[in-house]
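The structure appears below as structure tokens.
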Amino acid sequence: MLPGPFPGYGYRMRSLYKYLAPLCCCLAFANGAVADDSASPCSDKEAEVQRQLQIAKDHGNEDQVRGLERALVGIQENCSQESLMADAEQKVREGQEKVRDRQEDLDEALEDGDLEDIQEQREELQEAVDELNSRIEQLKVLQ
């Protein structure tokens with residue numbers, strides 16, 4: 094067991110690394126991911142808003158038309174690969190923080206020994222890991 098500030102520290106740290114190490118590797122190798130050059134995410138966003146705009150016009154929903162037209166202008170003026178990358182990277186960082194928090198919650202539950210709480214914390218940790226993996230995949234697509 095690794096030395097640490099409290100009993101069981103080594104187990105908890107190995108448990109945390111079990112989740113974070115593969116995720117960090119994914120991020121490190123994400124730069125080598127091949128992106129689909131046929132369409133950019135910004136043009137995809139623009140096309141989706143235009144599709145929704147046409148539906149709103151067809152149904153005579155003027156409030157929705159105005160909102161979608163504002164959204165379309167915003168995409169055309171502000172959407173860039175760099176801004177999308179920055180947003181995706183921020184979401185990955187937030188996901189990593191959430192995984193760390195969930196791991197700490199699980200560590201506390203393991204320390205307390207409440208089996209029901211341990212199972213609940215494991216499920217929440219797994220959800221956070223799955224969400225982080227999804228965010229990493231989204232980041233890979235942008236790279």
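Everything in the sequence shown is counted per our numbering, starting at 94 for the first residue and increasing by one. Glycine residues also receive a C-beta, built at the ideal position from the N, C-alpha and C atoms.
Ignore the nearest five residues each way along the sequence and tell me which others in residue i's own chain have a CB closer than 6 Å to its CB.
i: Gln214; result: Asp198, Leu199 and Ala202
i: Ala92; result: With the chain covering 94 to 236 only, the question about residue 92 has no answer from this structure.
Return the chain-ordered list of same chain residues with a C-beta closer than 7 Å to the C-beta of residue i, the five sequence neighbours on each side being excluded.
i: Val142; result: Leu161, Ala164, Leu165 and Ile168
i: Val158; result: Leu146, Ala149 and Lys150
i: Lys184; result: Arg228
i: Asp210; result: Ala202
i: Glu139; result: Leu165, Ile168 and Gln169
i: Cys172; result: Cys135 and Lys138
Since residue i and residue j are thought to touch, with beta carbons under 8 Å apart, how far apart are those beta carbons, to the nearest angstrom?
i: Leu177; j: Leu218; result: Actually they do not touch by this definition, with Cβ atoms about 28 Å apart.
i: Glu182; j: Leu232; result: 6 Å
i: Gln174; j: Ser133; result: 7 Å
Would you give the residue range spanned by the alpha helix (DSSP H) that residue i belongs to?
i: Asn226; result: Leu208 to Leu235
i: Ser136; result: Pro134 to Asp151
i: Ser173; result: Here Ser173 belongs to no alpha helix (DSSP H), and DSSP marks it neither H nor E.
Count the other CB atoms, across all protein chains shown, that sit within 10 Å of the CB of residue i; report buried if there are 16 or more and exposed otherwise.
i: Ala81; result: Residue 81 lies beyond the stretch modelled for the chain, which goes from 94 to 236, so this question has no answer here.
i: Gly153; result: exposed
i: Gly206; result: exposed
i: Glu155; result: exposed
Spatial neighbours of residue i within its chain, please: C-beta separation below 8 Å, excluding the five flanking residues on both sides.
i: Phe122; result: Low confidence applies here, because Phe122 scores a pLDDT of 44, under 50, leaving its location unreliable; read the following figure in that light. Excluding positions up to five away in sequence, the list is empty.
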